[in-house]
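Per UniProt numbering, residue 1 is the first one in the sequence shown, and the count goes up by one each step.
Don't be surprised by glycine CBs; every beta carbon is placed ideally from N, CA and C.
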Amino acid sequence: MPKFVSLEGSQRTLLPNSTLVGPVDPNEMASLIVRVRSLGSREELERLVQETAKTQLSERTYLSREELATRYGADPADLDAVEQYASRHNLTVVDRNQQSRSVIVRGRISDLLQAFPANIRIYQHASGTYRGRTGEIQIPPELAGLVVGIIGFDTRRKRRASSRVRVSALDGPGGDNGEAPTYFANRYSFPTQYQGRKLDGTGQSIAIIELGGGYRVADLQIYFDEISIPLPKITQVSVDNVTNSPTQEGGDDDEVALDIEIIGACAPGANIFVYFAPNQGDAGFLDPIRAAVHDQERSIDVISISSGGPEPASAGGQELSAYHDLFIDAAALGITVCVASGDHGVADLPANQWDKVIHVDHPAVDPYVLACGGTQISNGVDVLCNDGNPFDTNSRDGGGWASGGGISVSYDVPDYQLNAGLPDSLVRGRPGRGVPDIAMSATNYFVRVDSVEYAGGGTSAVAPLMSALIAVINQATQKNVGFINPFLYSNPGTLTDVVKGDNGIANTIVGYAANKGWDACTGLETPNGTAILNTLQATSEKRRLGSCRLSV
């Protein structure tokens, strides 16, 4: 019997234009996520999610976290096997989770490589220095078929959906400092009252995923005082020992402030939980998402994600599968996941990192998340967000800012998009999952961070804005809408068309054009929050009355 066998789906390549720096430090401490197979059929769980989404909201039943773990989590014996193998290789088990089917092990890189041989080196890239992995990971035969993923050797950073947060549109609202988020909530008709109840997100728990940075309570207090809203309840959640760590003006703090201030302004009654994690590859990104989805203490209802990167070329890869499983779990639990679609149009990378290839942003491209694109308000009208500038590596911000969107090369067209009129991919010339699903203004938000005030934006403003709308609707209906994509595609009248613009980069690459109906720039277009709520309730009431029977 061979000592090791290849782990299926673990093949990996480097970031384009990476330069070898040298070997890894064998004594460096690192962690790996070891994922194991599911007790129940994942295909069965996916069918359950799809059928639940077709059910009228009033009749929906979601799985509890305990049910999800018991039926579709890990077999404890599989987790035991991983723990025992890890202990024989001087590795420490730092987390074991039946729901997410994972064991996190930690140790010296030399010991990790003894346990799970892999080819890793240190590389330099325009995005920074990273530990890169090539080829396949090896596992012992005793774990073959049991282990389905080992993630953490590669530490390439995830990109913020908008690294240029300071953005305002010409002729946009609010002047130099933009408008308070409540302006945009009003613009997109967020419901404020329902059946005599004030709607502010009360009773809802919203998770924000942050890969670095932090916030200062003093800044937030001033900000919310200035927009006449009481300071919301904000709680930090540490993942992988990363805590709220505000740095300096212009860093990751910008994104943290943008997310908190938008959600806090538009759903001030909600409990806001900020999950801080390291920006260290897929393991650093998966961990806070996993923590939020499977958080039994906080019972998250909505998740806002504003980070990502170009979609991998194959849906069979272990990293892509790990995200996909988490988003299916979220849908099964009734959690809505809102993800920014990126800010460099079809390039999906800034000028200094672009590899001359068209990309769709991940995880926005996953079929079980709500992908959020961007518009800009010009003379009072929503048009596609695009600054009209070419890429320029000599300029401060690189240029080429436009709403991310396109057609997946990894995922087929989901059922809910079959009648949406999706175009073929500009890359492969065939259909696939289309991104985004909706769009709202990505410019001119009033932001305060590190004692500085300005107008900010990016599609990373749309994800928290949509998360706030979902929380308000959940409060009104008193039942989570969860995986809302099928409903939106079945009820396009709850959204308003954006028909002007495209998401190509001027003088650089041709993109997709905005048009009537769904398009790969703004999706189904801008949502009308009140119309969504009323339609959800009307269809549920119609179904309820239709099921009544007269008694004589």
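Considering only C-alpha positions, which residue in the set the options is nearest to residue i?
i: residue 15; options: 123, 340, 507, 201; result: 123
i: residue 42; options: 72, 184, 532, 108; result: 72
i: residue 224; options: 257, 470, 506, 203; result: 257
i: residue 277; options: 268, 271, 289, 270; result: 289
i: residue 356; options: 508, 86, 466; result: 508
i: residue 85; options: 329, 141, 9, 214; result: 141
i: residue 190; options: 349, 531, 294, 536; result: 531
i: residue 253; options: 186, 229, 449, 300; result: 449
i: residue 37; options: 519, 367, 136, 321; result: 321
i: residue 473; options: 93, 192, 506; result: 192
i: residue 511; options: 53, 297, 378, 404; result: 404
i: residue 279; options: 270, 101, 240, 506; result: 240
i: residue 251; options: 214, 219, 221; result: 214
i: residue 155; options: 24, 59, 54, 247; result: 24
i: residue 310; options: 66, 319, 304, 303; result: 319
i: residue 128; options: 485, 19, 179, 219; result: 19
Quick one: grab the DSSP three-state call for residue i.
i: residue 324; result: helix
i: residue 487; result: helix
i: residue 217; result: helix
i: residue 500; result: coil
i: residue 54; result: helix
i: residue 492; result: helix
i: residue 266; result: helix
i: residue 603; result: Shown here, the chain extends from 1 to 552; a query on residue 603 therefore has no answer.
i: residue 243; result: coil
i: residue 391; result: coil
i: residue 428; result: coil
i: residue 26; result: coil
i: residue 310; result: strand
i: residue 439; result: strand
i: residue 226; result: helix
i: residue 186; result: helix
i: residue 366; result: coil
i: residue 380; result: coil
i: residue 257; result: helix
Tell me, to the nearest whole angstrom, how far the beta carbon of residue i is from that of residue j; I am working on the premise that it is less than 8 Å.
i: residue 260; j: residue 234; result: 6 Å
i: residue 69; j: residue 98; result: 5 Å
i: residue 210; j: residue 136; result: So it is not a contact: roughly 32 Å between Cβ atoms.
i: residue 443; j: residue 432; result: About 29 Å; that fails the 8 Å criterion.
i: residue 34; j: residue 94; result: About 11 Å; that fails the 8 Å criterion.
i: residue 533; j: residue 476; result: 6 Å
i: residue 188; j: residue 464; result: About 13 Å separates the two Cβ atoms, so there is no contact after all.
i: residue 438; j: residue 524; result: 6 Å
i: residue 434; j: residue 520; result: 6 Å
i: residue 350; j: residue 323; result: Not a contact, Cβ separation roughly 22 Å.
Check whether the Cβ atoms of residue i and residue j sit closer than 8 Å, and answer yes or no.
i: residue 28; j: residue 109; result: yes
i: residue 182; j: residue 266; result: yes
i: residue 360; j: residue 343; result: no
i: residue 371; j: residue 436; result: yes
i: residue 328; j: residue 49; result: yes
i: residue 272; j: residue 284; result: no
i: residue 221; j: residue 5; result: no
i: residue 410; j: residue 312; result: yes
i: residue 389; j: residue 373; result: no
i: residue 594; j: residue 500; result: Absent from the structure is residue 594, since the part of the chain shown begins at 1 and ends at 552.
i: residue 293; j: residue 326; result: yes
Within 10 angstroms of its Cβ, does residue i collect 16 or more other Cβ (buried), or is it exposed?
i: residue 345; result: buried
i: residue 113; result: buried
i: residue 459; result: buried
i: residue 17; result: exposed
i: residue 31; result: buried
i: residue 481; result: buried
i: residue 381; result: exposed
i: residue 538; result: exposed
i: residue 502; result: buried
i: residue 158; result: buried
i: residue 336; result: buried
i: residue 412; result: exposed
i: residue 366; result: buried
i: residue 417; result: buried
i: residue 204; result: buried
Does residue i come within less than 8 Å of chain D when only Cβ atoms are used?
i: residue 248; result: Here chain D cannot be found, since the structure has a single protein chain.
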